[in-house]
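Enquirer:
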Amino acid sequence: MSDTHMSLRPVLVPNPHHPCTECTRITDARHAAERSGDWNRAELLRREGAHRG
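Just remember that the working numbering sits 375 ahead of the position in the sequence shown, which is counted from 1.
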């Protein structure tokens, strides 16, 4: 039964609405910079992320 169930699982396809790994990494770094009060770095990372988006 589990074999047939597994075959029905949708194949993972890139989701255009889901951020890529690099964008997620930049966002995480930006949030970390904001939490630590490093606003210059946060702004720099925000711009970098915006260019990728």
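We put the beta carbon where it would ideally sit given N, CA and C, even for glycine. Because the structure is a prediction, the values reported are computed rather than measured.
#1: State the Cα-Cα distance for the pair L419 and C395, rounded to the nearest angstrom.
#2: What whole-angstrom Cβ distance do R400 and A417 have, given they're in contact under 8 Å?
#3: Measuring CB to CB, does W414 end up less than 9 Å from A407?
#4: Using the Cα positions of H426 and R410, report the straight-line distance between them to the nearest angstrom.
#5: Grouping DSSP H, G and I as helix and E and B as strand, with all else coil, what is C395?
Expert: This is what the structure holds:
#1: Taking the first residue of the sequence shown as 1, we reach residue 419 at position 44. Taking the first residue of the sequence shown as 1, we reach residue 395 at position 20. In a straight line, the C-alpha of L419 is about 19 Å away from that of C395.
#2: Looking up residue 400 in the sequence shown gives position 25. Looking up residue 417 in the sequence shown gives position 42. Going by Cβ atoms, the distance from R400 to A417 rounds to 14 Å, so no, they are not a contact pair.
#3: Position 39 of the sequence shown, counting from 1, holds the residue named residue 414. Position 32 of the sequence shown, counting from 1, holds the residue named residue 407. No; because the gap between Cβ atoms is not below 9 Å, this pair is not in contact.
#4: Here the question's residue 426 lines up with position 51 in the sequence shown. Here the question's residue 410 lines up with position 35 in the sequence shown. C-alpha separation (whole angstroms): 22 Å.
#5: The sequence position of residue 395 within the sequence shown is 20, counting from 1. Here C395 sits in coil by DSSP.
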